[in-house]
Amino acid sequence: DQQVKQNSPSLSVQEGRISILNCDYTNSMFDYFLWYKKYPAEGPTFLISISSIKDKNEDGRFTVFLNKSAKHLSLHIVPSQPGDSAVYFCAASAVSNFGNEKLTFGTGTRLTIIP
Amino acid sequence: DGGITQSPKYLFRKEGQNVTLSCEQNLNHDAMYWYRQDPGQGLRLIYYSQIVNDFQKGDIAEGYSVSREKKESFPLTVTSAQKNPTAFYLCASSITAGGTNEKLFFGSGTQLSVL
């Protein structure tokens with residue numbers, strides 16, 4: 050049962066244009082969402098996060114949008130740069146007795162920026 | 568220079584053999600995690616530990632074992648009972664497991680292959 054879904058396995062975008070990566074989730078208890086970026090043979094690195102009390106969070110070229118009613122979030126990268134070529138994972142967690150824990154990851158989207 | 572160190576980078580396992588993957592962190596984080604990455608399946612949680620001498624099974628714990636004798640170390644043993652061990656293994660840590668909105672910091676991974 051895939052609770053976090055990234056339905057596009059790959060995406061190609063021209064350099065300088067906007068990249069939009071999408072993520073859907075099914076667990077209504079999720080209240081914290083993160084995006085990670087991963088290069089081949091390396092560990093993922095944290096990119097940006099959003100709490101369910103917000104619908105937008107911005108950090109430089111990266112913006113994450115959250116639509117709770119649709120159980121959907123998206124990552125916008127603008128302008129896209131060649132160094133953005135990587136696999137992007139969406140992740141989510143729910144508050145438990147121990148706080149937020151146990152991130153659930155999506156299957157990833159491979160973003161390729163075309164020079 | 569704080570971080571998470573995984574070793575070895577590449578590991579080969581013979582049939583029926585147990586192998587141990589090392590994970591060390593000097594971030595003074597309480598919580599540590601092991602994930603497995605397979606192509607097209609994202610990251611799946613194997614085991615996690617919130618505190619020394621305590622750990623819990625994740626979503627795919629069968630065929631694996633862990634120990635947490637020291638705060639800094641969380642080794643993962645892939646036993647002969649794990650029938651499909653070939654994967655990229657990622658160790659991660661977070662400041663605490665009891666905090667809210669925690670993000671994970673990842674090591675650079677170990678690629679395990681079966682001979």
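In order, the protein sequence lines correspond to chains C and A. Start counting the first sequence at 50; every next residue gets the next number (my numbering). Start counting the second sequence at 568; every next residue gets the next number (my numbering). Virtual Cβ for every residue (Gly too), placed ideally from N, Cα, C.
Against chain C: residues of the segment 604 to 626 of chain A by CB proximity under 8 Å: For the segment 604 to 626 of chain A, which is checked against every Cβ of chain C, the residues closer than 8 Å are 607, 608, 609, 610, 611, 612, 615, 617 and 625.
Endpoints, beta strand (DSSP E) assigned at residue 659 (chain A): Per DSSP, residue 659 (chain A) is one residue of the beta strand (DSSP E) stretching across 654 to 661.
Among C:89, C:124 and C:75, the one whose alpha carbon lies nearest that of residue 97 (chain C): For the residues C:89, C:124 and C:75, the minimum Cα distance to residue 97 (chain C) belongs to C:124.
Rounded C-alpha distance that separates residue 120 (chain C) from residue 584 (chain A): The alpha-carbon atoms of residue 120 (chain C) and residue 584 (chain A) are separated by roughly 44 Å.
CA nearest to the CA of residue 600 (chain A), picked from A:578, A:623 and A:580: Checking every option, the nearest Cα to that of residue 600 (chain A) belongs to A:623.
Selection from C:52, C:134, C:117 and C:77 that minimises the alpha carbon distance to residue 62 (chain C): C:134 is the residue among C:52, C:134, C:117 and C:77 whose C-alpha sits nearest the C-alpha of residue 62 (chain C).
Proximal residues of chain C, C-beta to C-beta of residue 675 (chain A) below 9 Å: Listed along chain C are 90, 91 and 92, each with a C-beta nearer than 9 Å to that of residue 675 (chain A).
Proximal chain E residues relative to residue 671 (chain A), where beta-carbon distance stays under 9 Å: Of the chains in the structure shown, none is chain E; the protein chains are C and A.
Bridge partner(s) assigned by DSSP for residue 599 (chain A): Residue pairing by DSSP places residue 599 (chain A) opposite A:616 and A:660 in a beta bridge.
DSSP-derived helix/strand/coil call for residue 132 (chain C): Residue state for residue 132 (chain C) is assigned as helix, using DSSP reduced to three classes.
Burial state of residue 655 (chain A), where buried means 16 or more other Cβ atoms lie within 10 Å: With 16 or more other Cβ atoms within 10 Å, it is buried.
Simplified DSSP state of residue 120 (chain C), which is helix, strand or coil: DSSP, read as helix, strand or coil, puts residue 120 (chain C) in coil.
Supposed contact pair residue 640 (chain A) and residue 590 (chain A) - C-beta distance, whole angstroms, cut 8 Å: In this structure residue 590 (chain A) is in contact with residue 640 (chain A), their Cβ atoms being roughly 7 Å apart against a cut-off of 8 Å.
Chain-ordered neighbours of residue 594 (chain A) on chain C, where CB pairs are closer than 7 Å: Here the premise fails: no neighbours, minimum Cβ distance about 13 Å.
Close-in-space but distant-in-sequence residues of the same chain around residue 634 (chain A) (CB under 7 Å, 5 per side omitted): Within the same chain, Cβ atoms closer than 7 Å to the Cβ of residue 634 (chain A) are found at 642, the five residues on either side in sequence being excluded.
Within 7 Å, strictly: CB atoms of residue 602 (chain A) and residue 612 (chain A): With respect to residue 612 (chain A), residue 602 (chain A) sits close: the two C-beta atoms are nearer than 7 Å.
Under 7 Å (Cβ pairs) to chain C, residues found in the segment 631 to 658 of chain A: Under the 7 Å Cβ criterion, the segment 631 to 658 of chain A contributes 657.
Other residues of its chain near residue 140 (chain C): CB distance less than 8 Å, five sequence neighbours each side excluded: Within the same chain, residue 140 (chain C) has close Cβ partners 53, 82, 83, 84, 85, 152, 153, 154 and 155.
Extent of the continuous beta strand (DSSP E) run through residue 86 (chain C): According to the DSSP assignment, residue 86 (chain C) belongs to the beta strand (DSSP E) that extends over 79 to 87.
Contact with chain A by residue 161 (chain C), beta-carbon distance below 7 Å: Chain A, which has no Cβ nearer than 7 Å to the Cβ of residue 161 (chain C), makes this no.
Partners in chain A for residue 156 (chain C), counting only beta-carbon separations shorter than 7 Å: The contacting residues are 607, 608 and 609.
Exposure of residue 604 (chain A), with buried meaning 16 or more beta-carbon neighbours within 10 Å: Looking at its Cβ environment, which holds 16 or more other Cβ atoms inside 10 Å, residue 604 (chain A) is buried.
Beta carbon of residue 628 (chain A) nearer than 7 Å to that of residue 614 (chain A): In this structure, residue 614 (chain A) lies closer than 7 Å to residue 628 (chain A) by Cβ.
Reference residue 576 (chain A), options A:662, A:658 and A:670, closest by Cα: Residue A:658 is the option with its Cα nearest to residue 576 (chain A).
Buried versus exposed, by CB contacts within 10 Å (16 or more), residue 80 (chain C): Residue 80 (chain C) is buried by the Cβ-count criterion.
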